[in-house]
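Here the structure comes first, spelled out in structure tokens, and everything after it is commentary.
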Amino acid sequence: MAANPLYDRLFAPLNGRESAFVILPDGTALSGDAFHAMLARAAGALSGQGVGPGDRVAVQVEKSPEALAVYGAAVALGAVFLPLNPAYTPQEVDYFAGNAKPRLLLADPSAEAALGPVAARHGCTLMTLDAAGGGSFAETMGQQPASLTPASRHPGDLAALLYTSGTTGRSKGAMLTQHNLLSNAEVLVEAWRFTGDDVLLHALPIFHTHGLFVACNVMLLAGGAMIYLPKFDAGEVIRLMPQATAMMGVPTFYTRLLDDPRFSHDASAHMRLFTSGSAPLLAETHTAFEACTGHRILERYGMTETNMTTSNPYDGERRPGTVGPPLPGVELRVTDPETGAPLPGGEIGMIEVRGPNVFEGYWRMPEKTAEEFRADGFFITGDLGFIDADGYVTIVGREKDLIISGGLNVYPKEVELVLDDQPGVRESAVIGVPHPDLGEAVLAVLVPESGAEIDARALHVETAAYLAGFKQPKALVTAEALPRNAMGKVQKALLRRQYADHFTGSGKWG
Ligand code: MCA
Ligand code: AMP
-3 MAANPLYDRL
7 FAPLNGRESA
17 FVILPDGTAL
27 SGDAFHAMLA
37 RAAGALSGQG
47 VGPGDRVAVQ
57 VEKSPEALAV
67 YGAAVALGAV
77 FLPLNPAYTP
87 QEVDYFAGNA
97 KPRLLLADPS
107 AEAALGPVAA
117 RHGCTLMTLD
127 AAGGGSFAET
137 MGQQPASLTP
147 ASRHPGDLAA
157 LLYTSGTTGR
167 SKGAMLTQHN
177 LLSNAEVLVE
187 AWRFTGDDVL
197 LHALPIFHTH
207 GLFVACNVML
217 LAGGAMIYLP
227 KFDAGEVIRL
237 MPQATAMMGV
247 PTFYTRLLDD
257 PRFSHDASAH
267 MRLFTSGSAP
277 LLAETHTAFE
287 ACTGHRILER
297 YGMTETNMTT
307 SNPYDGERRP
317 GTVGPPLPGV
327 ELRVTDPETG
337 APLPGGEIGM
347 IEVRGPNVFE
357 GYWRMPEKTA
367 EEFRADGFFI
377 TGDLGFIDAD
387 GYVTIVGREK
397 DLIISGGLNV
407 YPKEVELVLD
417 DQPGVRESAV
427 IGVPHPDLGE
437 AVLAVLVPES
447 GAEIDARALH
457 VETAAYLAGF
467 KQPKALVTAE
477 ALPRNAMGKV
487 QKALLRRQYA
497 DHFTGSGKWG
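In terms of my numbering, the sequence shown has 153 at position 157, counting the first letter as 1, and numbering is strictly consecutive.
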């Protein structure tokens, strides 16, 4: 049979497997074999729409076993899986569809009317799939055979396209190959000691690298099972934790668990591993979690473009405030952000990464790709950090103008462009400031037109057509002018200092 490395290693072993692969919160279990049959039916439904090798399949649906099966189906067919946050507005999806030109756009039935014109504009078929496994795509799946013949693929062929926003406000599609995904999953299974006995408490969304590739690919490769929650809910996580062995989370998961009186040492007694990533985990959260549970959270660092690049050790010292040494096979260096010259150990600079984990470039943006790679193949992450004498990496900040709110990325420029267009707004500056729940939250500083009054509620309603909810400012403040340097550039560092305790100080929340 023709080879398809990612399908062969991750999904083929499910075929005929009797043990549970996906366990739903109500205890219903889907065996590996049943999941594989679902995947085969999804592949049949995709093929029926003409999806073949290299075609993009854009998927903006709620988390469900079927949604994950569509990912497996795309891999089996050699198509390029393009997951999208269901929170994105039709305006936002319009951009992705226009850029990626998918053959199929799969959406929640509730979005069908709004996305119809989008699909028509970009020449793609629109089908639906809801959280309960219903919709036109699901109906078509029901008429398909439970077996499939995978398409032949090379390790260098594209498997996924994940959009990450750009500093200019335009999203870029990161092209990930089969080899990028498979090599990273192999490294993580080994580094974190995952086996077929593991049960992962899966509460992350599956439209990002963390929940899809780090969590699902690792469990697929290890042959383990997942307790598959529709979203993070502290009560559900605490209830189900005694049945799990591991959980992967963003820092907000851990602060919410620590804030919950039901969470205890006992609740986590059966667990062997907690990992954290996507945003900085405060050293105090690490320490408080250990005091509460006896577990030392294993923090790791990655990016959509690079998959996982560093990880604290499973057996060695997990150091709070650090993201650990580079993973096997990954080269990481710290350079002078201006010149690109490598810096000596201990000095803060730009983190650059090279290895089999690093993506191929941005979809149809060769200039952007060229800008973000050095001539010798290192990818410039935009994160600032240093490497200590023991090889541990510490991230101290970001050169890129990016806010990470509850593990979700918000690019200020994109929000500013929308705010600046609103009536009564002369200009805006969007910044991230510390937030007790989200780590960082979006705050907008608005300069009104002279004599104009800003109506925060009206502004929220107006901008909701353009911006997903998580990008909306959690607070609006007005100013007479924005602070600028001699070059006319807005001094965001100054604004961040000025509003640093907006959400944390004196119990103020917005
Ligand atoms: C939801 N809302 C948010 C966020 N999430 N606002 C700011 N930041 C957020 N992260 C807003 C919604 O728009 C809504 O607003 C309101 O909060 C309630 O929505 P809900 O969905 O109920 O929120 P939640 O359940 O409390 O979600 C918070 C969360 C979630 C659990 C932290 O955002 C989450 O699961 N984050 C993980 C994201 C993730 O997987 N990141 C990995 C990407 P309104 O009420 O106004 O409608 S990074 C990555 O993959 C790299 C490679 C890496 O290193 O891992
Ligand atoms: P994304 O573009 O969604 O893939 O987000 C990647 C970014 O998340 C990285 O460039 C970092 O800025 C940030 N990130 C991921 N993991 C960590 C971590 N453990 N500590 C600090 N920042 C992190």
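C-beta: ideal position from N, C-alpha, C; glycine also.
*Do the CB positions of Pro82 and Gln56 come within less than 9 angstroms of each other?*
In the sequence shown, the residue the question calls residue 82 occupies position 86. In the sequence shown, the residue the question calls residue 56 occupies position 60. Yes, these two residues count as a Cβ contact at 9 angstroms.
*Throw me the rounded Cβ distance for the His266 and Ala240 pair, which I believe falls under 8 angstroms.*
Your numbering for residue 266 matches position 270 in the sequence shown. Your numbering for residue 240 matches position 244 in the sequence shown. Right, the Cβ-Cβ distance comes to about 7 angstroms (below 8 angstroms), so this counts as a contact.
*What separation, rounded to the nearest whole angstrom, lies between the Cα atoms of Glu423 and Gly465?*
On the sequence shown, position 427 is the one that residue 423 refers to. On the sequence shown, position 469 is the one that residue 465 refers to. Taking the straight line joining both Cα atoms gives about 21 angstroms.
*Would you list, in sequence order, the uninterrupted beta strand (DSSP E) runs of no fewer than 3 residues that lie entirely inside the region 202 to 254?*
221 to 224, 242 to 245
*Indicate whether Thr121 and Leu144 have their beta-carbon atoms separated by less than 9 angstroms.*
The count along the sequence shown starts at 1 and reaches residue 121 at position 125. The count along the sequence shown starts at 1 and reaches residue 144 at position 148. No. Outside cutoff.
*Is any heavy atom in ligand 1 found nearer than 8 angstroms to the beta carbon of Leu200?*
Counting from 1 along the sequence shown, the entry for residue 200 is found at position 204. Yes, the Cβ of Leu200 comes within 8 angstroms of a heavy atom of ligand 1.
*asked:* Closest to Ala109 by C-alpha separation, out of Val233, Ser60, Thr85, Leu6, would be which residue?
replied: If you number the sequence shown from 1, residue 109 lands on position 113. When only C-alpha atoms are compared, the closest one is Thr85.
_Candidates Leu413, Ile400, Glu449, of which the one nearest Val429 by Cα_ = Walking along the sequence shown from the start, residue 429 turns up at place 433. Val429 has its Cα closest to that of Ile400, out of Leu413, Ile400, Glu449.
*Determine the DSSP secondary structure at Val441, reduced to helix, strand or coil.*
Working through the sequence shown from its first residue, we reach residue 441 at position 445. Three-state result, Val441: strand.
*Taking the C-alpha atoms as reference points, what is the distance between Phe355 and Ala448?*
Here residue 355 refers to the residue found at position 359 when the sequence shown is read from its first residue. Here residue 448 refers to the residue found at position 452 when the sequence shown is read from its first residue. Spanning the two alpha carbons is a distance of roughly 47 angstroms.
*For Pro276, verify whether its CB is less than 8 angstroms away from any heavy atom of ligand 2.*
Here residue 276 is taken as the residue at index 280 of the sequence shown, counted from 1. Checking the Cβ of Pro276 against ligand 2 gives yes.
*Are there 16 or more other CB atoms within 10 angstroms of the CB of Arg149, so buried, or fewer, so exposed?*
For the purposes of this step, residue 149 is identified with residue 153 of the sequence shown, where counting begins at 1. With 16 or more other Cβ atoms within 10 Å, it is buried.
_C-beta contact flag for Val66 and Phe7 at 9 angstroms_ = Taking the sequence shown and counting its residues from 1, one reaches residue 66 at position 70. Taking the sequence shown and counting its residues from 1, one reaches residue 7 at position 11. Result no, Cβ atoms of Val66 and Phe7 do not sit closer than 9 angstroms.
*Tell me where the alpha helix (DSSP H) around Leu42 begins and ends.*
As a position in the sequence shown, residue 42 is number 46, starting the count at 1. Leu42 -> alpha helix (DSSP H) spans 28 to 44.
*asked:* Among Pro247, Val246, Thr191, Pro316, whose alpha-carbon lies nearest the alpha-carbon of Arg268?
replied: Here residue 268 refers to the residue found at position 272 of the sequence shown. That would be Thr191, whose Cα lies nearest to the Cα of Arg268.
*For ligand 1, any of its heavy atoms closer than 8 angstroms to the Cβ of Ser401?*
Indexing the sequence shown from 1 puts residue 401 at position 405. Ser401 Cβ: within cutoff of ligand 1.
_Contacting residues, own chain, Cβ-Cβ under 6 angstroms from Gly12 (five flanking each side not counted)_ = Against the sequence shown, residue 12 aligns to sequence position 16. The answer, listed in chain order, is Asp29.
*Secondary structure at Tyr3, three-state DSSP: helix, strand or coil?*
For the purposes of this step, residue 3 is taken as the residue at position 7 of the sequence shown. Helix.
*Quick one: what's Lys168 bridged to in DSSP?*
For the purposes of this step, residue 168 is taken as residue 172 along the sequence shown, with counting starting at 1. Answer is Thr160, bridged to Lys168.
_Classification of Ser167 by the beta-carbon crowding that lies within 10 angstroms, buried from 16 upward_ = The residue you call residue 167 lines up with position 171 of the sequence shown. Buried is the call here.
*When the Cα of Gly336 is compared with those of Thr365, Ile376, Thr136, which residue comes out closest?*
Along the sequence shown, one-based indexing puts residue 336 at 340. Per the Cα distances, Ile376.
*Pick helix, strand or coil for Asn303, following the three-state DSSP scheme.*
Translated into positions along the sequence shown, residue 303 becomes position 307. If DSSP states are grouped into helix, strand and coil, Asn303 belongs with the strands.
*asked:* Assuming the contact rule is C-beta atoms closer than 8 angstroms, Ala72 and Asn0 should be a hit. Round their C-beta distance to whole Å, please.
replied: Within the sequence shown, the letter at position 76 stands for residue 72. Within the sequence shown, the letter at position 4 stands for residue 0. Yes, they are in contact, since the Cβ atoms of Ala72 and Asn0 sit about 7 angstroms apart, within 8 angstroms.
*Take Leu111 as the anchor and find which of Leu20, Gly129, Gly131, Val89 has the nearest alpha-carbon.*
Reading the sequence shown from its first residue, position 115 is the one you call residue 111. Of the listed residues, the one whose Cα sits closest to Leu111 is Val89.
*Since Pro105 and Thr124 are thought to touch, with beta carbons under 8 angstroms apart, how far apart are those beta carbons, to the nearest angstrom?*
Locating residue 105 in the sequence shown gives position 109, counting from the first residue. Locating residue 124 in the sequence shown gives position 128, counting from the first residue. Rounded, the Cβ-Cβ distance is 4 angstroms, consistent with contact.
*How would you write the range of the alpha helix (DSSP H) that Leu471 sits in, first residue to last?*
Counting from 1 along the sequence shown, the entry for residue 471 is found at position 475. It should be noted that the sequence gives Ala, not Leu, for residue 471. Per DSSP, Ala471 belongs to no alpha helix (DSSP H); it is in the beta strand (DSSP E), 471 to 474.
_Going by C-alpha to C-alpha distance, which of Asp397, Arg314, Phe374 sits closest to Glu301?_
The residue labelled residue 301 in the question sits at position 305 within the sequence shown. Nearest C-alpha to Glu301: Phe374.
*CA nearest to the CA of Gly129, picked from Ala(-2), Leu490, Ala461, Ala38*: Here residue 129 refers to the residue found at position 133 when the sequence shown is read from its first residue. Comparing Cα positions, the closest option is Ala38.
*Taking Arg480 as part of the beta strand (DSSP E), name the residues at either end of that continuous run.*
Within the sequence shown, residue 480 is the residue found at index 484, counting from 1. Looking at the DSSP string, Arg480 is not in any beta strand (DSSP E), and its letter there is neither H nor E.
*Helix, strand or coil for Gly465, going by three-state DSSP, please let me know.*
In the sequence shown, residue 465 corresponds to position 469, counting from 1. Helix.
*asked:* Please report the distance separating the alpha-carbon of Gly220 from that of Asn481.
replied: By 1-based counting over the sequence shown, the position of residue 220 is 224. By 1-based counting over the sequence shown, the position of residue 481 is 485. Going from the Cα of Gly220 to the Cα of Asn481 covers about 54 angstroms.
*asked:* Just to confirm, is the Cβ distance from Gly378 to Thr305 under 9 angstroms?
replied: Here residue 378 is taken as the residue at index 382 of the sequence shown, counted from 1. Here residue 305 is taken as the residue at index 309 of the sequence shown, counted from 1. No, these two residues do not count as a Cβ contact at 9 angstroms.
*Run the proximity test for Arg297: is its beta-carbon closer than 8 angstroms to any non-hydrogen atom belonging to ligand 2?*
For the purposes of this step, residue 297 is identified with residue 301 of the sequence shown, where counting begins at 1. Going by the sequence as given, residue 297 is Tyr instead of Arg. Because some heavy atom of ligand 2 lies under 8 angstroms away, the Cβ of Tyr297 counts as near it: yes.
*Buried or exposed: which applies to Ala48, given that a residue is buried once 16 or more other Cβ atoms fall within 10 Å of its Cβ?*
Working through the sequence shown from its first residue, we reach residue 48 at position 52. Checking the displayed sequence, the identity of residue 48 turns out to be Gly instead of Ala. By the neighbour-count rule (16 or more Cβ atoms within 10 Å), Gly48 is not buried but exposed.
_Nearest-angstrom Cα separation, counted from Asp311 out to Thr289_ = Your numbering for residue 289 matches position 293 in the sequence shown. Your numbering for residue 311 matches position 315 in the sequence shown. About 18 angstroms.
*Determine the burial state of Met222: buried for a count of at least 16 other Cβ atoms within 10 Å of its Cβ, exposed for fewer.*
Within the sequence shown, the letter at position 226 stands for residue 222. When all chains shown are included, Met222 counts as buried.
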